[in-house]
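Student: In our numbering, the protein residues as written are 4 to 265. Don't be surprised by glycine CBs; every beta carbon is placed ideally from N, CA and C. All of these numbers come straight from a predicted model, not from anything done at the bench.
Structure follows, in structure tokens:
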């Protein structure tokens, strides 16, 4: 099967600013910039048989070939979760990971970075949060969003700005890390089954590159972590039993956490 290429274009009414944004994306990703010429995204997809990355004044949008729903950056559930934490409530990820200020947190499946944002808030300025994303366009959009998104909550903005994004394969990145170099290693394998109904989550499912958990992945995660590997997946996934994870059952939720201590 021939791999679908990606092109970059401007918003529907292009100007100098959006063209410069398109060129900036091209410089990083290496995809060609194609003039919009008043064409719809769908028309450009069909004409060039390509995914389309649109550079707008407010954000970049990524349309996977055959889809009319764009992927774009938004803190999504992270904003709601952070608000609850600011009110004194606990967060399930923080509970199971036992994350604390000053810790290091490696997110192997970054996507929209919702979990990494919460981790960054907890670890604070003395901690370190790094996220690995395999899809270059998703990594680019999330990087730009984390750097530039204007959040009403200063705590949210600060947490986003601290996250370091790595474009690459999670397993290969883990292999490059020294033993016991990250306090927590996190893997979200939920893309194996539908979980959320939000449009942007669905578009991320379409846009991103997703792999199931493997023995090599788990072995490398355990080697790299200092304390704990945390995995999130659908409640009826066999990943918990397959990798002998300590399962944290969350009643009335569609996903559960599992963990393995070093």
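Determine the closest residue to residue 11 out of 58, 94 and 41, with distance taken between C-alpha atoms.
Tutor: As a working note, residue 11 is residue 8 in the chain shown. Measuring from the Cα of residue 11, the nearest candidate turns out to be 58.
Student: Quick one: give me the first and last residue of the alpha helix (DSSP H) that residue 177 is part of.
Tutor: What you label residue 177 is simply residue 174 of the chain shown in a count that begins at 1. Residues 173-178.
Student: Note down, one range per segment and in chain order, each beta strand (DSSP E) of at least 3 residues found wholly within the stretch 122-167.
Tutor: 131-136
Student: With residue 22 as the anchor, note down where its alpha helix (DSSP H) starts and where it stops.
Tutor: Start at 1 with the first residue of the chain shown, and residue 22 comes out as number 19. Unbroken alpha helix (DSSP H) run through residue 22: 19-32.
Student: Can the beta-carbon of residue 47 be found less than 9 angstroms from the beta-carbon of residue 36?
Tutor: The residue you call residue 47 lines up with position 44 of the chain shown. The residue you call residue 36 lines up with position 33 of the chain shown. Contact flag unset, no.
Student: On the DSSP letters alone, give me the boundaries of the beta strand (DSSP E) that residue 107 sits inside.
Tutor: If you number the chain shown from 1, residue 107 lands on position 104. It spans 107-110 - the beta strand (DSSP E) in which residue 107 sits, taken as one unbroken run.
Student: For residue 202, collect the residues of the same chain with a Cβ closer than 8 angstroms to its Cβ; drop the 5 residues on either side in sequence, then sort them by chain order.
Tutor: By one-based count along the chain shown, residue 202 stands at place 199. For residue 202, the pLDDT reaches just 45, beneath the cut-off of 50, and the residue's location in the model is therefore unreliable, although a value from the coordinates is still provided. If we look at residue 202 and ignore the five residues flanking it on each side, its Cβ neighbours are 72.
Student: Please report how far the alpha carbon of residue 119 lies from the alpha carbon of residue 113, in whole angstroms.
Tutor: Here residue 119 refers to the residue found at position 116 of the chain shown. Here residue 113 refers to the residue found at position 110 of the chain shown. Going from the Cα of residue 119 to the Cα of residue 113 covers about 7 angstroms.
Student: Nearest to residue 132 by alpha carbon, out of 235, 20, 189 and 93?
Tutor: Here residue 132 refers to the residue found at position 129 when the chain shown is read from its first residue. Checking every option, the nearest Cα to that of residue 132 belongs to 189.
Student: Please report the straight-line C-alpha distance between residue 217 and residue 177, rounded to a whole angstrom.
Tutor: Residue mapping note: residue 217 aligns to position 214 of the chain shown, counting from 1. Residue mapping note: residue 177 aligns to position 174 of the chain shown, counting from 1. Looking at the two C-alpha atoms, the distance is approximately 13 angstroms.
Student: List the residues that DSSP assigns as beta-bridge partners of residue 261.
Tutor: Along the chain shown, read from residue 1 onward, the residue named residue 261 stands at position 258. According to DSSP, residue 261 bridges with 234 and 250.
Student: On the DSSP bridge assignment, give the partners of residue 170 in chain order.
Tutor: In the chain shown, the residue the question calls residue 170 occupies position 167. BP columns for residue 170 point to 136.
Student: Of the residues 251, 256 and 34, which one's Cα is nearest the Cα of residue 97?
Tutor: Start at 1 with the first residue of the chain shown, and residue 97 comes out as number 94. Nearest C-alpha to residue 97: 251.
Student: Are residue 66 and residue 76 close, meaning C-beta to C-beta below 9 angstroms?
Tutor: Against the chain shown, residue 66 aligns to sequence position 63. Against the chain shown, residue 76 aligns to sequence position 73. Going by C-beta atoms, residue 66 is not nearer than 9 angstroms to residue 76.
Student: For residue 156 versus residue 86, is the C-beta distance shorter than 9 angstroms?
Tutor: Within the chain shown, numbered from 1, the residue matching residue 156 stands at position 153. Within the chain shown, numbered from 1, the residue matching residue 86 stands at position 83. Going by C-beta atoms, residue 156 is nearer than 9 angstroms to residue 86.
Student: So, for residue 109: in the same chain, excluding its five sequence neighbours on each side, which residues have a beta-carbon less than 6 angstroms away from its beta-carbon?
Tutor: The residue you call residue 109 lines up with position 106 of the chain shown. These residues qualify, in order along the chain: 133, 185 and 188.
Student: Determine the closest residue to residue 115 out of 94, 167, 91 and 129, with distance taken between C-alpha atoms.
Tutor: By 1-based counting over the chain shown, the position of residue 115 is 112. The option with the nearest alpha carbon to residue 115 is 167.
Student: Can you check which of these residues, 265, 172 and 61, is closest to residue 20 by C-alpha distance?
Tutor: Within the chain shown, the letter at position 17 stands for residue 20. Cα-wise, what sits closest to residue 20 is 61.
Student: Among the candidates 103, 224 and 38, whose CA atom is the shortest distance from the CA of residue 181?
Tutor: The sequence position of residue 181 within the chain shown is 178, counting from 1. Residue 224 is the option with its Cα nearest to residue 181.
Student: Mind checking whether residue 53 and residue 9 have CB atoms under 9 angstroms apart?
Tutor: Reading the chain shown from its first residue, position 50 is the one you call residue 53. Reading the chain shown from its first residue, position 6 is the one you call residue 9. Contact flag set, yes.
Student: Can you name the residues that DSSP bridges to residue 51?
Tutor: Stepping through the chain shown from its first residue, residue 51 is reached at position 48. Paired residue(s): none; residue 51 is not in a bridge.
Student: When you compare each of 100, 127 and 29 to residue 259 by their alpha carbons, which one comes out closest?
Tutor: In the chain shown, the residue the question calls residue 259 occupies position 256. Considering only alpha carbons, the answer is 100.
Student: Please go through the same chain and pick out, in chain order, the residues whose beta-carbon is closer than 8 angstroms to the beta-carbon of residue 15, but skip the five residues on each side of it.
Tutor: Sequence index remark: in the chain shown, residue 15 carries index 12 (1-based). Excluding sequence neighbours, residue 15 sits near 39 and 41.
Student: Would you mind reading off the limits of the beta strand (DSSP E) that contains residue 7?
Tutor: On the chain shown, position 4 is the one that residue 7 refers to. From DSSP, residue 7 is part of no beta strand (DSSP E); its letter is neither H nor E.
Student: Which of the three DSSP states, helix, strand or coil, is assigned to residue 14?
Tutor: As a first step, residue 14 is located in the chain shown; it is residue number 11 there, counting from the start. If DSSP states are grouped into helix, strand and coil, residue 14 belongs with coil.
Student: Give me whichever residues DSSP pairs with residue 58 in a beta bridge.
Tutor: Along the chain shown, one-based indexing puts residue 58 at 55. Per DSSP, 13 and 63.
Student: Distance check for residue 81 and residue 127, CA to CA, integer angstroms please.
Tutor: Here the question's residue 127 lines up with position 124 in the chain shown. Here the question's residue 81 lines up with position 78 in the chain shown. Going from the Cα of residue 127 to the Cα of residue 81 covers about 15 angstroms.
Student: Could you check if residue 83 is buried or exposed, using at least 16 other CB atoms within 10 Å of its CB as the buried criterion?
Tutor: Within the chain shown, residue 83 is the residue found at index 80, counting from 1. Looking at its Cβ environment, which holds fewer than 16 other Cβ atoms inside 10 Å, residue 83 is exposed.
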